[in-house]
Ligand SMILES: Cc1ncc(COP(=O)(O)O)c(C=O)c1O
């Protein structure tokens with residue numbers, strides 16, 4: 004390595020403006036003029052049922068946000084230099100290893116980690132939380148509100164841990180009181196609270212600092228599911244004092260198949276490796292008795308067996324840099340404007356019921372779910388797409404218990420087509436519509452959405468729809 008200039012200093016400081024070897028790295032012109040939070044896809048035209056084309060209104064950021072132009076450019080600039088990580092003697096392998104480790108540090112800074120905390124790269128939030136579930140000490144009791152996304156609700160019991168599911172609270176104060184009471188009754192032993200920062204259904208912000216304070220007073224640790232929080236708000240692990248945090252690259256404008264689990268090292272270092280394989284091992288030796296003895300690494304490598312996803316990690320680091328450069332104050336202010344525009348517009352449509360756990364005025368990120376009286380949500384969402392070029396999501400959003408609670412005795416109209424989420428025996432099948440947005444969302448998308456909702460509610464759909472393999476597709480123009 005000493006024969007070459009250090010890849011860390013040449014590449015990391017030079018990318019993406021110049022190459023280390025003289026090959027010019029071409030950046031898309033947009034990166035220079037559009038600012039750090041310009042997103043791809045803003046000029047994509049999609050066909051309507053009528054055959055006309057319109058600009059796509061992407062209002063499903065909560066599922067997967069579009070890629071930042073900056074992220075795309077950074078990945079493209081790095082791509083010619085791509086090489087193996089932690090396992091090659093060649094220059095590009097060293098360079099890629101440096102880039103991967105630098106990405107880890109960038110994510111750590113973005114999350115404002117404490118001394119000694121570590122960043123493990125995973126596939127996404129689901130993977131991060133399953134990793135933690137596999138790593139917590141045996142006998143740990145986990146506490147989770149039934150309102151969690153399935154990724155935060157299900158890994159714990161799946162890993163054989165005892166779980167206390169807390170009922171859906173109807174205010175932030177009730178959430179804190181419910182946790183306090185449950186922890187006060189909990190038996191001695193290790194405890195963990197898993198809580199979301201922002202709901203993927205209602206977008207409402209959860210009182211993370213208060214819940215963490217309560218958990219810590221009772222000796223419980225906390226993992227924050229920041230899948231919907233990190234793309235919208237600055238998150239400081241140090242200030243919130245959570246023990247771990249998990250989020251996904253594809254929801255934070257970096258869709259290259261990576262995610263993050265970050266936080267305290269002790270439980271992770273003491274646990275069995277999440278995956279057994281190369282990269283997680285310090286030594287592997289045949290023993291005289293024919294067995295194989297393994298010494299595992301400590302630190303992130305312990306849980307990152309296999310060839311790491313360096314492009315995914317670099318993409319997340321690029322998004323972290325872009326968000327930091329843009330500043331969350333501006334992003335949050337812009338989202339508050341759009342949320343206000345959206346909620347005011349929907350409030351003027353009596354058939355629309357917005358779903359809230361903590362009340363209509365509760366603070367939320369750019370995520371909101373609703374039902375329309377007289378409509379099935381699959382049918383309504385299909386009409387938004389086929390007749391207006393608007394992409395939203397319908398269903399129960401991988402948070403079935405929460406949506407069932409929120410819909411309560413709501414009457415869901417039978418579907419002209421499409422399949423509402425299947426119900427359990429004895430339960431009605433239900434579904435809702437979710438609209439979500441973030442960086443790069445123009446006013447026009449929200450305005451077009453509100454116009455579409457008004458028109459559909461007033462005039463009905465202009466097309467008949469049929470069920471095609473569970474999907475609702477426009478079939479023929481309605482008469483009259
Ligand atoms: C709050 C929340 N947690 C966890 C997840 C799971 O994320 P992923 O599918 O990226 O693993 C999601 C995905 O929608 C989510 O919204």
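Residue numbers (the numbering used here): 4 to 483. Yeah, the Cβ is synthetic: ideal placement off N, Cα and C, and Gly gets one too.
Quick check on residue i: buried or exposed, where buried means 16 or more other Cβ atoms within 10 Å of its Cβ?
{"i": "residue 72", "result": "buried"}
{"i": "residue 77", "result": "buried"}
{"i": "residue 407", "result": "buried"}
{"i": "residue 286", "result": "exposed"}
{"i": "residue 185", "result": "buried"}
{"i": "residue 50", "result": "exposed"}
{"i": "residue 241", "result": "exposed"}
{"i": "residue 294", "result": "exposed"}
{"i": "residue 441", "result": "buried"}
{"i": "residue 384", "result": "buried"}
{"i": "residue 471", "result": "exposed"}
{"i": "residue 451", "result": "buried"}
{"i": "residue 203", "result": "buried"}
{"i": "residue 229", "result": "buried"}
{"i": "residue 486", "result": "No statement about residue 486 is possible, as the shown extent of the chain runs from 4 to 483 and does not include it."}
{"i": "residue 144", "result": "buried"}
{"i": "residue 353", "result": "exposed"}
{"i": "residue 48", "result": "exposed"}
{"i": "residue 234", "result": "buried"}
{"i": "residue 56", "result": "exposed"}
{"i": "residue 140", "result": "exposed"}
{"i": "residue 310", "result": "exposed"}
{"i": "residue 253", "result": "buried"}
{"i": "residue 485", "result": "This structure cannot speak to residue 485, because the chain is shown only from 4 to 483."}
{"i": "residue 152", "result": "buried"}
{"i": "residue 101", "result": "buried"}
{"i": "residue 150", "result": "buried"}
{"i": "residue 190", "result": "exposed"}
Answer yes or no: the CB of residue i versus the heavy atoms of ligand 1, is any distance below 8 Å?
{"i": "residue 63", "result": "no"}
{"i": "residue 400", "result": "yes"}
{"i": "residue 244", "result": "no"}
{"i": "residue 152", "result": "yes"}
{"i": "residue 129", "result": "yes"}
{"i": "residue 199", "result": "yes"}
{"i": "residue 203", "result": "yes"}
{"i": "residue 358", "result": "no"}
{"i": "residue 262", "result": "yes"}
{"i": "residue 254", "result": "yes"}
{"i": "residue 66", "result": "yes"}
{"i": "residue 228", "result": "yes"}
{"i": "residue 132", "result": "yes"}
{"i": "residue 121", "result": "no"}
{"i": "residue 231", "result": "yes"}
{"i": "residue 251", "result": "yes"}
{"i": "residue 388", "result": "no"}
{"i": "residue 321", "result": "no"}
{"i": "residue 155", "result": "yes"}
Excluding the 5 residues flanking residue i on each side, which residues of the same chain have their C-beta closer than 6 Å to its C-beta?
{"i": "residue 366", "result": "208"}
{"i": "residue 301", "result": "272"}
{"i": "residue 296", "result": "288 and 290"}
{"i": "residue 464", "result": "386"}
{"i": "residue 92", "result": "none"}
{"i": "residue 453", "result": "348"}
{"i": "residue 183", "result": "217"}
{"i": "residue 99", "result": "86, 88 and 313"}
{"i": "residue 224", "result": "195 and 246"}
{"i": "residue 136", "result": "158, 159 and 162"}
Identify, in the order they occur along the chain, each residue of the same chain with its Cβ nearer than 8 Å to the Cβ of residue i, setting aside the five sequence neighbours on each side.
{"i": "residue 147", "result": "155, 156, 159, 166, 167, 168, 169, 196, 197 and 198"}
{"i": "residue 448", "result": "60, 61, 62, 393 and 440"}
{"i": "residue 481", "result": "463, 464, 465, 466 and 467"}
Excluding the five sequence neighbours on either side, which residues of its own chain have a C-beta within less than 7 Å of the C-beta of residue i, listed in chain order?
{"i": "residue 276", "result": "283, 299, 305, 306 and 308"}
{"i": "residue 444", "result": "341"}
Say the cut is 8 Å; is the CB of residue i nearer than that to a heavy atom of ligand 2?
{"i": "residue 372", "result": "No copy of ligand 2 appears in this structure; the ligands present are ligand 1."}
Does any residue of chain B bring its CB to less than 9 Å from the CB of residue i?
{"i": "residue 229", "result": "Included in the structure is just one protein chain, with no chain B present."}
Which runs of the alpha helix (DSSP H) fall wholly inside the segment 313-355 and span at least 4 residues, in chain order?
The segment 313-355 is shown to contain whole alpha helix (DSSP H) runs of 4 or more residues at 313-329 and 331-350, in chain order.
Could you pull out every unbroken alpha helix (DSSP H) segment of at least 4 residues lying fully inside the segment 249-309, listed in chain order?
Residue ranges of uninterrupted alpha helix (DSSP H) with 4 or more members, entirely inside the segment 249-309 and ordered along the chain, are 269-273.
Which runs of the beta strand (DSSP E) at least 3 residues long sit entirely within the segment 42-95? Give them in chain order.
Uninterrupted beta strand (DSSP E) stretches at least 3 residues long and entirely within the segment 42-95 occur at 48-50 and 56-58, given in chain order.
Complete beta strand (DSSP E) runs within the segment 187-231 (minimum length 3 residues, chain order):
194-199 and 223-228, all fully within the segment 187-231.
What ranges does the alpha helix (DSSP H) occupy inside the segment 108-133, keeping only unbroken runs of at least 4 residues that lie completely in it?
Counting only runs of 4 or more residues that sit fully inside the segment 108-133, no alpha helix (DSSP H) segment turns up.
Alpha helix (DSSP H) segments (min. 4 residues) lying fully within the segment 360-407
Taking only runs of at least 4 residues, the alpha helix (DSSP H) segments lying wholly in the segment 360-407 are 380-391.
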